[in-house]
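Colleague: Before I ask anything, let me first share the structure, which is written out below as structure tokens.
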Amino acid sequence: MYEKQLKLKCEELEKEIKFKNESLLFITHELKTPLSIIEFIIQMIEVNCKDELSDKMGKYLYKIRQNTYRQRRLVNNIMDYNRINPDQYQLYLTRVDIVQLSRLIIESINVYAERKSIKMTFDSTISNFYLLIDMYLYERILLNLLSNAIKYTPEGKSVDVRIFRQESKGCHNVCIQVKDSGIGIPNDKKELIFERFGQADRFPNRCAEGSGIGLYLVKVLVSIMDGEINVESKVGVGSTFSLILPAIDTDLNMPVMDTKAMEVVKEQFITAADIEFSDIYYGT
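If you count the sequence shown from 1, position 115 lands on 163 in my numbering, and the numbers rise without skipping.
Right, dumping it as structure tokens:
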């Protein structure tokens with residue numbers, strides 16, 4: 049009797065959770081439509097009225113666009129939060145040079161580093177390395193790590209990205225490290241930042257905002273790619289996030305993404321970067 053009641057309660061709870069997730073997903077879909085309209089109107093104003101806009105109006109439009117992107121970023125994160133299931137997610141694999149791909153992503157965010165007078169460096173101990181990878185997931189992961197690095201690094205300091213081979217327990221891996229020069233994360237907060245809605249409150253002032261979803265999603269996306277993510281940090285010195293991916297490229301018959309296709313992808317990275325970096329304030 050007790051087991052039957054427990055089973056019924058579990059089934060009711062699962063239905064309730066499913067209903068809430070579906071409702072939240074529906075709401076976020078509905079939010080995307082007005083956001084798209086606002087973005088379109090801003091674009092039309094900038095194209096058709098650019099000669100009539102004063103500097104003051106230009107700054108107002110910038111603020112509107114930035115906050116529209118912030119809202120879209122939150123909507124995207126909530127949608128991914130609800131629909132991404134590590135056990136069911138279908139990977140869309142492309143055979144790509146991980147070094148070139150990473151370089152393009154970093155180039156797409158250089159403008160944000162320059163706004164904070166932050167020096168971006170990129171170094172790879174391997175000239176090129178081909179992996180079967182889901183480019184959308186990798187872009188989401190690396191952009192999130194880079195936006196956090198720039199967000200928590202003071203003006204005039206640096207953010208460094210390194211790629212190198214790594215062997216662990218007889219397995220060959222590729223490691224992508226993002227190192228910032230920020231104020232660091234206390235030891236008792238390191239695990240918290242990867243939890244749902246977990247924030248370490250690293251920044252003492254209002255120069256950046258976040259929902260606490262980003263790094264949780266990063267952890268989920270990394271697990272889908274059979275990788276791992278870890279962080280080393282020292283208060284007052286900075287943090288280093290290490291993304292470790294298995295160096296597996298078994299399907300040699302799959303065509304490699306060429307340079308022309310990469311340039312098209314770079315334009316997509318720039319748009320994605322505008323959204324990902326929208327919660328960083330530059331005092332403009």
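From the three backbone atoms N, C-alpha and C, an ideal C-beta is built for every residue, glycine too.
#1: Any chance the segment 162-172 sits against the segment 201-214, with 3 or more Cβ pairs inside 8 angstroms?
#2: Distance, Cα to Cα, glycine 262 vs phenylalanine 317?
#3: Three or more C-beta pairs under 8 angstroms: does that hold for the segment 145-161 against the segment 310-326?
#4: Alpha carbon to alpha carbon, how far is aspartate 236 from valine 312? Give it in angstroms, no decimals.
#5: Which residues share a DSSP beta bridge with phenylalanine 289?
#6: Quick one: what does DSSP say methionine 168 is sitting in, helix, strand or coil?
#7: Can you tell which of Ser326, Pro294, Glu324 has its C-alpha closest to the C-alpha of isoleucine 146?
#8: Restricting to Cα atoms, I'd like to know which of Phe242, Glu203, Ala197 is closest to glutamine 225.
#9: Are the segment 274-288 and the segment 118-125 touching, with three or more C-beta to C-beta distances below 8 angstroms?
#10: Give the DSSP bridge partners of phenylalanine 212, in chain order.
#11: Rounding to the nearest angstrom, what Cα-Cα distance links phenylalanine 177 and phenylalanine 212 in this structure?
#12: Could you round the C-beta distance between threonine 116 and leucine 83 to whole angstroms and report it? I think they count as a contact, below 8 angstroms.
#13: Around the Cβ of glutamate 187, are there at least 16 other Cβ atoms within 10 angstroms (buried) or fewer (exposed)?
#14: Unbroken beta strand (DSSP E) runs of length 3 or more, entirely within the segment 74-98: which are they?
#15: Assuming phenylalanine 325 and serine 229 are in contact, meaning their beta carbons sit under 8 angstroms apart, how far apart are those beta carbons, in whole angstroms?
#16: Spell out the partners DSSP gives valine 123 in its beta bridges.
#17: Leaving aside the five residues before and after lysine 114 along the sequence, list all residues of the same chain whose C-beta is less than 6 angstroms from its C-beta, in chain order.
#18: Alpha carbon to alpha carbon, how far is valine 268 from glutamine 138? Give it in angstroms, no decimals.
#19: Can you tell me where the alpha helix (DSSP H) with leucine 152 in it begins and where it stops?
Modeller: In this structure, then:
#1: yes
#2: Counting from one through the sequence shown, the residue named residue 262 turns up at place 214. Counting from one through the sequence shown, the residue named residue 317 turns up at place 269. Roughly 17 angstroms separates the two Cα atoms.
#3: yes
#4: Here residue 312 refers to the residue found at position 264 when the sequence shown is read from its first residue. Here residue 236 refers to the residue found at position 188 when the sequence shown is read from its first residue. C-alpha separation (whole angstroms): 42 angstroms.
#5: Translated into the one-based positions of the sequence shown, residue 289 becomes position 241. BP columns for phenylalanine 289 point to Val226, Val279.
#6: Within the sequence shown, residue 168 is the residue found at index 120, counting from 1. DSSP places methionine 168 in strand when its eight states are reduced to three.
#7: Position 98 of the sequence shown, counting from 1, holds the residue named residue 146. Cα-wise, what sits closest to isoleucine 146 is Pro294.
#8: Along the sequence shown, read from residue 1 onward, the residue named residue 225 stands at position 177. The shortest C-alpha separation from glutamine 225 is found at Ala197.
#9: no
#10: Position 164 of the sequence shown, counting from 1, holds the residue named residue 212. Partner(s): Cys223.
#11: Counted from its first residue, the sequence shown places residue 177 at position 129. Counted from its first residue, the sequence shown places residue 212 at position 164. Cα to Cα, the separation comes out at about 10 angstroms.
#12: For the purposes of this step, residue 116 is identified with residue 68 of the sequence shown, where counting begins at 1. For the purposes of this step, residue 83 is identified with residue 35 of the sequence shown, where counting begins at 1. Contact holds; Cβ gap of about 6 angstroms.
#13: Mapped onto the sequence shown, residue 187 falls at position 139. Buried, since its Cβ has 16 or more Cβ neighbours within 10 Å.
#14: none
#15: Here residue 325 corresponds to residue number 277 of the sequence shown, with the count starting at 1. Here residue 229 corresponds to residue number 181 of the sequence shown, with the count starting at 1. Actually they are not in contact, since the Cβ atoms of phenylalanine 325 and serine 229 sit about 18 angstroms apart, beyond 8 angstroms.
#16: Translated into positions along the sequence shown, residue 123 becomes position 75. Valine 123 pairs with nothing; no bridge assigned.
#17: Taking the first residue of the sequence shown as 1, we reach residue 114 at position 66. According to the sequence as given, residue 114 is glutamine; it is not lysine. Cβ neighbours of glutamine 114 beyond the five flanking positions: Ser326.
#18: Along the sequence shown, read from residue 1 onward, the residue named residue 138 stands at position 90. Along the sequence shown, read from residue 1 onward, the residue named residue 268 stands at position 220. C-alpha separation (whole angstroms): 14 angstroms.
#19: Here residue 152 refers to the residue found at position 104 when the sequence shown is read from its first residue. Its alpha helix (DSSP H) spans residues 146-156.
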